[in-house]
Amino acid sequence: MSDKVIIFDTTLRDGEQSPGASMTKDEKVRIARQLERLKVDVIEAGFAASSEGDFQAISAVAAAVKDSIVCSLARANDKDITRAADALKAANAKRIHAFLATSPLHMAVKLRMSPEEVLEQAKRSIRFARNLAEDIEFSAEDGYRSEMDFLCRVVEAVINEGATTINIPDTVGYATPELYGEFMKTLRTRVPNSDKAVWSVHCHNDLGMAVANSLAGVKIGGARQIECTINGLGERAGNTALEEIVMALRTRKDYFDMVCGIDATQIVPASKLVSQITGFVVQPNKAVVGANAFAHTSGIHQDGILKNRDTYEIMRAEDVGWSANKIVLGKLSGRNAFKQRLQELGIAIEAEADLNEAFVRFKTLADQKSEIFDEDIIAIMSDSAAAEEGEFYKFISLSQHSETGERPKSKVTFRVGDKETSSEAEGNGPVDASLNAIEEIVKSGAEQLLYSVNAITSGTQSQGEVTVRLAKGGRIVNGVGTDPDIIAASAKAYLSALNKLHDPSQAKLNAQMTP
Ligand code: KIV
Ligand code: ZN
């Protein structure tokens, strides 16, 4: 029997710490539901004590998720741990994840504590956490740069206090595969009660080795939990990419001899959802989930693939959820065909009213665009989900004029609450003019941090997907809009971001702002 590796997803916590990737409560719930479909073992939903917004988001994820364990991060103190336990009350299965730095540098400079004080605090916090939950993870922050003797003492002590998982992060992405694997192995050999806990790896990608380090932690070091994020999202250069870990374990089962419980066909939908919500576009040559990951353009490769797929393919695109960009529906497709395609894509619609609303969006799109692809349907469903989150501002129509040598003008008509309004403005380009027109009325004064356009399928017939990131008063929000007309998509994205700024329950404080 192959050993099982626990997949601990931290997209909603460590992934969210990437500047600009902060998510609203509803966005976290949407991603958590997809992570559950992916069958991840543990979903780290956030850091409850970091803000009221994150506390609410973790509570909502805990209530929504049924199959995966839901986890909250906490500093190793009573207040944070209590907050984590409170946020997780509704969870079917919950985990509290307490962390404390153990490296000489972090203890001296950041914590200003002696090693003995750190040891005592680690013990005390785990003892306290055990009164609130059974499943307790302890992370030795900056663990890989800690002194081995001291780290062994801390780990032994927290296992004695009841920690059930021991995580050794390479917080700054300094490790190399062999050294990290050996480090984990030495720790597990020297800690006398090491068999009483599951060992976990958590690697950052500063030197591009997070996935390799994590796999070495498992193969050489004997860890049985990997902490990772969808698309490798995370602070600085990011975290270990879940999709690469899962496909490495599966494709090289001959070498790793491990299994995990992930449904790999849900990987690409998860990647697209996270990219769409955070505005972090996936690079085309990204392993597994990049648009080119399975594209063979050279003649020699195409010829080989036609003769036998194994010549140049070590994985199948369909196994990780890529659909063949096929035309699935069109103008004449009915409600039943639309509903069936949603089911095939694994998109659950609970209420009939939601299906009706999505079908109206589909028909509107089919009038504009003759070929409707799976990606279009996923975008329609994301728009519907975003609309459910509340639309104070709603796009109605747009007309614009641009001509070489003239300053572009745009007129945008949109709803503000119950009132329809129109406004005209000029700008450097048609997009700038349209956003200026909206701003004439709304006067948000928000700072624009990001504007990006992405074609959701191939060719100029594709819908454009626009992401706009705005900042105001310490809040950062992302708005996404899709439309075959990229100027209209831009206006929709801008209004979607303004909706989040307008509704305080939607606009969450940046997760990095810990109290
Ligand atoms: O990178 C790190 O050290 C962390 C811990 C808080 C687990 O994210
Ligand atoms: Zn981390």
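So in the numbering used here, the last spot in the sequence shown is 522, and the numbers never skip. A virtual CB, placed ideally from N, CA and C, is assigned to each residue, including glycine. All figures in this text were calculated on a predicted structure; none of them were measured in a lab.
* Asked: Mind checking V295: buried by the 16 CB within 10 Å criterion, or exposed?
  -> Along the sequence shown, read from residue 1 onward, the residue named residue 295 stands at position 288. Label assigned to V295: buried.
* To do: Over the uninterrupted beta strand (DSSP E) stretch that includes S110, give me the two end residues.
  => Looking up residue 110 in the sequence shown gives position 103. Segment: none, S110 is in no beta strand (DSSP E) and carries neither H nor E.
* State yes or no: is the beta carbon of M120 nearer than 7 angstroms to at least one beta carbon in chain C? => Any reference to chain C falls outside this structure, which holds one protein chain only.
* To do: Report back the beta-carbon spacing between I321 and T258 to the nearest angstrom; my notes put them in contact at under 8 angstroms.
  => Working through the sequence shown from its first residue, we reach residue 321 at position 314. Working through the sequence shown from its first residue, we reach residue 258 at position 251. The Cβ separation is near 6 angstroms, so the contact holds.
* **Pairwise C-alpha distance: R414 and N246** => To locate residue 246, count along the sequence shown from 1; it is residue 239. To locate residue 414, count along the sequence shown from 1; it is residue 407. The alpha-carbon atoms of N246 and R414 are separated by roughly 44 angstroms.
* Asked: Per DSSP, what kind of secondary structure is S207 in: helix, strand or coil?
  -> Translated into positions along the sequence shown, residue 207 becomes position 200. Three-state DSSP puts S207 in a strand.
* Asked: Does the beta carbon of D149 fall short of 6 angstroms from some heavy atom of ligand 2?
  -> If you number the sequence shown from 1, residue 149 lands on position 142. No, since every heavy atom of ligand 2 falls outside the 6 angstroms radius drawn around the Cβ of D149.
* D381, DSSP secondary structure in three states -> Counted from its first residue, the sequence shown places residue 381 at position 374. Three-state result, D381: helix.
* Euclidean distance between Cα positions of R482 and A453 -> In the sequence shown, counting from the first residue as 1, residue 482 sits at position 475. In the sequence shown, counting from the first residue as 1, residue 453 sits at position 446. Going by the C-alpha atoms only, they are around 10 angstroms apart.
* Asked: Between the C-alpha atoms of N332 and D381, what's the straight-line distance to the nearest angstrom?
  -> Walking along the sequence shown from the start, residue 332 turns up at place 325. Walking along the sequence shown from the start, residue 381 turns up at place 374. The predicted model places N332 with a pLDDT of 49, which falls under 50 and marks its position as unreliable; any figure quoted below should be read in that light. Distance between the alpha carbons of N332 and D381 is about 7 angstroms.
* Asked: Can you name, in chain order, every residue of its own chain whose Cβ lies under 8 angstroms from the Cβ of T467, other than the five neighbours on each side?
  -> The residue labelled residue 467 in the question sits at position 460 within the sequence shown. Once the five neighbours on either side are set aside, T467 has no close Cβ partner at all.
* Measure the CB-CB distance between L109 and A147 and report whether it falls below 7 angstroms. => What you label residue 109 is simply residue 102 of the sequence shown in a count that begins at 1. What you label residue 147 is simply residue 140 of the sequence shown in a count that begins at 1. The identity of residue 109 in the sequence shown is Thr, whereas the question assumes Leu. Going by C-beta atoms, T109 is nearer than 7 angstroms to A147.
* To do: To the nearest angstrom, report how far apart V36 and E359 are at their CA atoms.
  => One-based indexing of the sequence shown puts residue 36 at position 29. One-based indexing of the sequence shown puts residue 359 at position 352. If I take the Cα positions, the gap works out to 20 angstroms.
* Cβ atoms of L45 and D326: under 7 angstroms apart, would you say? -> The residue labelled residue 326 in the question sits at position 319 within the sequence shown. The residue labelled residue 45 in the question sits at position 38 within the sequence shown. Cβ atoms of D326 and L45: not closer than 7 angstroms.
* Asked: So what's F399 in DSSP terms, helix, strand or just coil?
  -> Taking the first residue of the sequence shown as 1, we reach residue 399 at position 392. Of the three classes helix, strand and coil, the one that applies to F399 here is coil, per DSSP.
* Segments assigned beta strand (DSSP E), at least 3 residues, entirely inside the segment 289-362 -> For the segment 289-362, whole beta strand (DSSP E) runs of length 3 or above, ordered along the chain, are 334-336.
* Nearest-angstrom Cα distance between L502 and L42? -> Looking up residue 502 in the sequence shown gives position 495. Looking up residue 42 in the sequence shown gives position 35. It is roughly 28 angstroms from the alpha-carbon of L502 to the alpha-carbon of L42.
* Could you check what DSSP says for N212 in three-state terms: helix, strand or coil? => To locate residue 212, count along the sequence shown from 1; it is residue 205. N212 falls in the coil class under three-state DSSP.
* **Helix, strand or coil at K73 [DSSP, three-state]** => Taking the sequence shown and counting its residues from 1, the one referred to as residue 73 is at position 66. Residue state, collapsed to three classes: coil.
* Asked: Between S201, E351, Q290, S207, which lies nearest to T272 when the distance is taken from Cα to Cα?
  -> The count along the sequence shown starts at 1 and reaches residue 272 at position 265. For the residues S201, E351, Q290, S207, the minimum Cα distance to T272 belongs to E351.
* To do: Kindly examine ligand 3 and report whether one of its heavy atoms sits closer than 6 angstroms to the Cβ of D21.
  => Summarising the ligand content, the structure contains ligand 1 and ligand 2 and does not contain ligand 3.
* **Residues that R422 bridges to, as DSSP identifies them** => Stepping through the sequence shown from its first residue, residue 422 is reached at position 415. Bridge partners of R422: K401, E427.
* **According to DSSP, residues forming a beta bridge with Y458** => Taking the first residue of the sequence shown as position 1, residue 458 is located at position 451. Answer is V475, bridged to Y458.
* Would you kindly check if the distance between the Cβ of S9 and the Cβ of M191 is under 7 angstroms? => Within the sequence shown, the letter at position 184 stands for residue 191. Within the sequence shown, the letter at position 2 stands for residue 9. Contact: no.
* Endpoints, the alpha helix (DSSP H) within which N174 is located -> Taking the sequence shown and counting its residues from 1, the one referred to as residue 174 is at position 167. Careful: N174 lies outside any alpha helix (DSSP H), inside the beta strand (DSSP E) at 172-177.
* Quick one: Cα of F106 to Cα of Q407, how far? -> One-based indexing of the sequence shown puts residue 106 at position 99. One-based indexing of the sequence shown puts residue 407 at position 400. Rounded to whole angstroms, F106 to Q407 spans 53 angstroms at the Cα level.
* Exposed or buried, G434, counting other C-beta atoms within 10 Å across all chains shown (16 or more means buried)? -> Here residue 434 refers to the residue found at position 427 of the sequence shown. Buried: at least 16 other Cβ atoms inside 10 Å.
* Apart from the five residues on each side of it in sequence, which residues of its chain come closer than 6 angstroms, Cβ to Cβ, to H104? -> As a working note, residue 104 is residue 97 in the sequence shown. Counting only Cβ-Cβ distances below 6 angstroms, and skipping sequence neighbours, we find C78, L80, E144.
* Who are the near neighbours of A344 in its chain, counting only those whose CB is closer than 7 angstroms to its CB and skipping five residues on each side? -> Within the sequence shown, residue 344 is the residue found at index 337, counting from 1. Excluding residues within five positions, the ones whose Cβ falls inside 7 angstroms are L336.
* Straight-line Cα distance separating A478 from S278 -> In the sequence shown, counting from the first residue as 1, residue 278 sits at position 271. In the sequence shown, counting from the first residue as 1, residue 478 sits at position 471. Computed Cα separation, rounded: 25 angstroms.
* Mind checking whether V419 and A495 have CB atoms under 7 angstroms apart? -> In the sequence shown, counting from the first residue as 1, residue 419 sits at position 412. In the sequence shown, counting from the first residue as 1, residue 495 sits at position 488. No; because the gap between Cβ atoms is not below 7 angstroms, this pair is not in contact.
* **C-alpha gap between V68 and A94, whole angstroms** => If you number the sequence shown from 1, residue 68 lands on position 61. If you number the sequence shown from 1, residue 94 lands on position 87. If I take the Cα positions, the gap works out to 9 angstroms.
* Three CB pairs or more closer than 8 angstroms across the segment 221-237 and the segment 179-197 -> yes
* **Buried or exposed by the 16-neighbour rule on C-beta atoms within 10 Å, applied to A302** => Here residue 302 refers to the residue found at position 295 when the sequence shown is read from its first residue. Classification for A302: exposed.
* **Assumed close pair S132, N174 - CB separation to whole angstroms, cut-off 8 angstroms** => Residue 132 sits at position 125 when you count from the first residue of the sequence shown. Residue 174 sits at position 167 when you count from the first residue of the sequence shown. Under the criterion of beta carbons closer than 8 angstroms, S132 and N174 do not qualify as touching, at roughly 14 angstroms.
* To do: Note down, one range per segment and in chain order, each alpha helix (DSSP H) of at least 4 residues found wholly within the segment 76-145.
  => 85-94, 122-137
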